[in-house]
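*Asks:* Numbering (the numbering used here), first residue to last: 1 to 134. Idealized CB from N, CA, C, for every residue including glycine. Just so it is clear, the structure is predicted and the values come from calculations on it, not from any experiment. Please find one structure pasted underneath; my questions will follow.
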Ligand code: ZN
C-alpha cells in the first residue's frame with residue numbers, strides 16, 4: 001500500500017460540514033460528487049498530499065446512514081492508495097482479512113475501490129483505492 005489517499009468522515013449534513021471543514025482547513029472543498037450505488041454524497045478537500053472526504057447519506061439504507069445511527073458523526077474509514085487493487089485484495093485475503101462483497105467497483109473521485117471489513121482490522125474500515133486508468 002502506498003500513502004493514505006484520504007480519510008472519510010461521516011456527516012449528517014454535507015452543506016453544514018462543508019462550511020465547518022472550510023473554516024477548519026482554511027480552504028473550500030474542490031468537488032462534490034454523488035455515488036449512487038453507495039447511497040452517498042461526498043465532498044473532497046485537499047490537505048497537502050492527502051484528502052478529507054465528507055460523506056452524507058442520500059438514502060436511509062446507505063451504510064453511512066447506518067453508521068451515523070449507531071455511532072454518530074465521525075471518522076468512518078481510512079483509504080490507502082494502491083497500484084493494483086486486485087493484487088492487493090488477493091494478498092489481504094491470504095492474510096485472513098475480510099474483503100466486503102461486491103468489490104472492487106467504481107467509487108468517488110475516479111477510483112476503483114474495495115473495503116476491508118472492520119471486524120478483521122481492529123474495527124477500522126479500510127478502503128483500498130486505485131486510480132482508474134483512462
Ligand atoms: Zn473513501
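Considering only heavy atoms of the ligand ZN and the C-beta of each residue, which residues fall inside 6 Å, strictly closer?
*Replies:* 6, 8, 53, 77, 79, 127
*Asks:* On the CB-based measure, 16 or more other CB atoms within 10 Å of its CB, does residue 68 come out buried or exposed?
*Replies:* Start at 1 with the first residue of the chain shown, and residue 68 comes out as number 68. Residue 68 comes out buried.
*Asks:* Suppose contacts are defined by Cβ-Cβ distances below 8 Å. Is residue 98 in contact with residue 124 by that definition?
*Replies:* Along the chain shown, one-based indexing puts residue 98 at 98. Along the chain shown, one-based indexing puts residue 124 at 124. No, these two residues do not count as a Cβ contact at 8 Å.
*Asks:* In the DSSP assignment, the beta strand (DSSP E) including residue 43 goes from what residue to what residue?
*Replies:* Looking up residue 43 in the chain shown gives position 43. Taken as a continuous stretch (DSSP letters only), the beta strand (DSSP E) holding residue 43 covers 40-47.
*Asks:* Mapping the DSSP letters down to three states, classify residue 97 as helix, strand or coil.
*Replies:* Against the chain shown, residue 97 aligns to sequence position 97. Here residue 97 sits in coil by DSSP.
*Asks:* Does the separation of the CB atoms of residue 17 and residue 32 fall below 8 Å?
*Replies:* One-based indexing of the chain shown puts residue 17 at position 17. One-based indexing of the chain shown puts residue 32 at position 32. Result no, Cβ atoms of residue 17 and residue 32 do not sit closer than 8 Å.
*Asks:* Report the option in 26, 79, 54 whose CA atom is closest to the CA atom of residue 14.
*Replies:* The residue you call residue 14 lines up with position 14 of the chain shown. Residue 14 has its Cα closest to that of 54, out of 26, 79, 54.
*Asks:* By Cβ distance, which residues of its chain are closer than 8 Å to residue 80, with the 5 residues on each side in sequence left out?
*Replies:* Position 80 of the chain shown, counting from 1, holds the residue named residue 80. Cβ neighbours of residue 80 beyond the five flanking positions: 1, 2, 3, 4, 5, 126, 127, 128, 129.
*Asks:* Contact check, residue 72 vs residue 58 under 8 Å by CB: the rounded distance?
*Replies:* In the chain shown, counting from the first residue as 1, residue 72 sits at position 72. In the chain shown, counting from the first residue as 1, residue 58 sits at position 58. The pair is not a contact, with the Cβ atoms about 19 Å apart (cut-off 8 Å).
*Asks:* Do you know whose CA, among 52, 82, 104, 103, lies nearest residue 8's CA?
*Replies:* Here the question's residue 8 lines up with position 8 in the chain shown. Out of 52, 82, 104, 103, 52 has the C-alpha closest to the C-alpha of residue 8.
*Asks:* Count the other CB atoms, across all protein chains shown, that sit within 10 Å of the CB of residue 144; report buried if there are 16 or more and exposed otherwise.
*Replies:* The requested residue 144 does not occur in the structure, where the chain is confined to residues 1 to 134.
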